[in-house]
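Visitor: For the sequence shown, position 70 (counting from the first letter as 1) is numbered 70 according to the UniProt record's numbering, and the numbering increases by one without interruption. The beta carbon of each residue, even a glycine, is placed where N, CA and C say it ideally should be. All values derive from a computational prediction rather than experimental measurement. The structure under discussion is supplied below as structure tokens; questions concerning it will follow.
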Amino acid sequence: MDQLKPSPPNSSPLTPLRFLERAAAVYAHHFPISGASGVFVSTRHPKHRQRLDSRTISVVLRHAQSKLVFVDYQSESVVLEALSLFPPNSERPLIVLIADDGESGIPSSKSDMYGNYEEMILNGDPNFDWVRPESEFDPLTLNYTSGTTSSPKGVVHSHRGTFLVAFDSLIEWSVPKEPVYLWTLPMFHANGWSYTWGMAAAGGTNVCLRKFDVATIYAAIRKYKVTHMCGAPVVLNMLTNVPDGKRLERPVYILTAGAPPPAAVLLRTESLGFVVSHGYGLTETGGLVVCCTWKKKWNKFPAAEKARIKARQGVRTPGMAEVDVIDPESGKGVKRDGKTLGEIVLRGGCIMLGYLKDPEATAKAMKNGWFYTGDVGVMHPDGYLEIKDRSKDVIISGGENLSSVEVESVLYTHPAVNEAAVVARPDEFWGESPCAFLSLKEGVKEKPTEKEVVAFCRSKLPHYMVPKTVVIKEELPKTSTGKIQKFVLREMAKAMGSTRTSRM
């Protein structure tokens, strides 16, 4: 046995690039189709909407030392503005324009222009031999964190890790061959949670939207017979806030992650005919590594109980080595009682190689054989993980750790609430007290007052968890991936000054 070693026939580097080669051979009949009403159907180069500003794009391009930027024609102006922010005499990346049918594109005389994407494909060498990785640990992608707590960090993923998480995502979600996938999830969000690669492996059709609103989503679902889609809980919330509330003709499987979804939102979404799955991952994992694997016995439970169970993040996916919740002081796993808080740690082949040009942040996140997520959670007796908060979002009131997520879950059950986020506000007596920021549903005739919201929470929460402050805004600030920017709200709460609450 000792003489049997890895050799070229059995040690080809794992890489998702092979998915593309196979898809081109097996599913060659799948060509892009221009859809009406701004919908674009493609299996080759689906596009996403741009939500970053020019300053952030400029910072990312400089940090990554990018050589080429593939730019959708609608993003031309913001990218050109980003390039204009480069220091004088610094090397700037060149633009490759992606234009829809009928779009003339950027004149080739522009100094920042490299070429047109379609022209590059037509003029390419069909006999070009792909440059394959020498090692499966070679870098494949560089993704930037969404910056909910600080400036974006460049996350480097390997060919091996991306290959593993892409396969893992297909297996855990039971994705069949030739699915029809609707892109309501930004592709820049951890490579679309790896489904940019996974859809190629499964021979899927990618339905992409230029206009992102509820009417367009439902129109695409019906027109293209969509089978699968992904999105943050904010997408689920959008889907349920429709006047007619008609049930879908056929089930659509939707996978949600990115933030703990309120049970009330899950319940409303499934009542419309969506089959919701819930998972957990980070930019640093390249996709979902924990999923709320469903058990048949749970089907007998009442709808509200099923939604509560499904709101948990779940258990590790088949390809993930280990997941645990540890006590920050002892470094040991917490009790599996569904109550004891700790930090979520991960170990597995899809964990990032590290942060680009940031060894200090890499060492801080990857230590003692674990990747430290910065998320606070509990482990239930059945081994299912549930996120309670980001470590920076935990509110410490009177010495008690208060989960903002639990308060938000109650706020989402209020009939007028569209979005909810709870952060700490300085408190003269308790140190910190909960401050709730809300946006309301469209068409609400009677807007609730602060006192009414507080009374609503008091009927459903322990006294110390009830928000002492309620702020109603037209819309809550979000990252490019749809997550509510709590660090912005924390600064707003801090600027309000300390509350003067009762000692009782």
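For Ala493 versus Val423, is the C-beta distance shorter than 8 Å?
Guide: Their beta carbons are under 8 Å apart, which means Ala493 touches Val423 by this criterion.
Visitor: According to DSSP, simplified to helix, strand and coil, what is Tyr384?
Guide: DSSP places Tyr384 in coil when its eight states are reduced to three.
Visitor: Quick check on the DSSP output: the alpha helix (DSSP H) that includes His159 runs from which residue to which?
Guide: Unbroken alpha helix (DSSP H) run through His159: His159 to Trp173.
Visitor: In three-state DSSP terms, what is Cys435?
Guide: Of the three classes helix, strand and coil, the one that applies to Cys435 here is strand, per DSSP.
Visitor: Check each candidate in Met320, Arg336, Gly342 and Glu322 and name the one with the smallest Cα separation from Glu329.
Guide: Measuring from the Cα of Glu329, the nearest candidate turns out to be Gly342.
Visitor: Alpha carbons only, please: which of Ser403, Gln485, Val156 and Tyr218 is nearest the one belonging to Val356?
Guide: What sits at residue 356 in the sequence shown is Leu, not Val. When each option's Cα is compared against that of Leu356, the closest is Val156.
Visitor: Within a Cβ cutoff of 8 Å, which residues of the same chain sit near Gln3, ignoring the five residues on either side of it in sequence?
Guide: Answer for Gln3: no residue qualifies.
Visitor: By the three-class DSSP mapping on this structure, what secondary structure does Asn143 have?
Guide: Reduced to three states, the DSSP call for Asn143 is strand.
Visitor: Provide the residue(s) that pair with His189 in DSSP beta bridges, ordered along the chain.
Guide: Answer is none; His189 lacks a bridge partner.
Visitor: May I have the straight-line CA-CA distance separating Ile351 from Cys230, to the nearest angstrom?
Guide: For Ile351 and Cys230, the distance between alpha carbons rounds to 21 Å.
Visitor: Kindly list the residues whose CB is nearer than 6 Å to the CB of Ala166, restricted to its own chain and excluding five residues on each side of it in sequence; keep chain order.
Guide: Here the set comprises Pro16, Ser194, Trp197 and Gly198.
Visitor: Checking the sheet assignment: what are the DSSP bridge partners for Met229?
Guide: DSSP lists Leu182 and Ile254 as partners of Met229.
Visitor: Below 8 Å, can you find three or more Cβ-Cβ pairs linking the region 168-183 to the region 285-305?
Guide: As far as the Cβ criterion goes, the region 168-183 touches the region 285-305, which means the pair count is three or higher.
Visitor: Evaluate Ser37 with the Cβ neighbour count: other Cβ atoms within 10 Å of its Cβ, from every protein chain shown; 16 or more gives buried, anything less gives exposed.
Guide: Per-residue confidence for Ser37 stands at a pLDDT of 30, beneath the threshold of 50, marking its modelled position as unreliable; no derived number is given.
Visitor: Taking 8 Å as the threshold (C-beta atoms), are Leu438 and Val417 in contact?
Guide: Cβ distance < 8 Å, so Val417 and Leu438 count as in contact.
Visitor: Here's a check: name, in chain order, each residue in its chain whose Cβ is nearer than 7 Å to the Cβ of Thr240, leaving out the five neighbours to either side.
Guide: Cβ within range, chain order: Val265, Arg268, Thr269 and Leu272.
Visitor: Is Ile33 buried or exposed, if buried means 16 or more other CB atoms sit within 10 Å of its CB?
Guide: For Ile33, the pLDDT reaches just 37, beneath the cut-off of 50, and the residue's location in the model is therefore unreliable, although a value from the coordinates is still provided. Per the 10 Å Cβ criterion, exposed.
Visitor: Determine the extent of the beta strand (DSSP E) in which Val470 is found, giving its start and end residues.
Guide: Looking at the DSSP string, the run of the beta strand (DSSP E) that includes Val470 is Thr469 to Ile472.
Visitor: Hey, out of Pro434, Gln485, Thr479 and Lys483, whose CA is closest to Leu461's CA?
Guide: Ranking the options by Cα distance to Leu461, first place goes to Pro434.
Visitor: Could you spell out where the beta strand (DSSP E) holding Trp370 opens and where it closes?
Guide: First-last of the beta strand (DSSP E) with Trp370: Trp370 to Met379.
Visitor: Below 8 Å on the Cβ atoms is my contact criterion, and I expect Leu97 with Val71 to pass it. Report the Cβ-Cβ distance as a whole number of Å.
Guide: Indeed, because the Cβ distance is near 6 Å, the residues count as touching under 8 Å.
Visitor: Where do the N-terminal and C-terminal ends of the alpha helix (DSSP H) with Arg18 fall, by residue?
Guide: Start and end: Leu17 to Val26.
Visitor: Pop quiz: Val334 and Ile326 are said to be a contact at Cβ under 8 Å. What is the actual Cβ separation, rounded to whole angstroms?
Guide: The pair is a contact, with the Cβ atoms about 7 Å apart (cut-off 8 Å).
Visitor: Around the Cβ of residue 505, are there at least 16 other Cβ atoms within 10 angstroms (buried) or fewer (exposed)?
Guide: One cannot answer for residue 505 here, as it falls past the ends of the chain, which runs 1 to 504.
Visitor: Helix, strand or coil for Glu322 per DSSP?
Guide: Glu322: strand per DSSP, three-state reduction.
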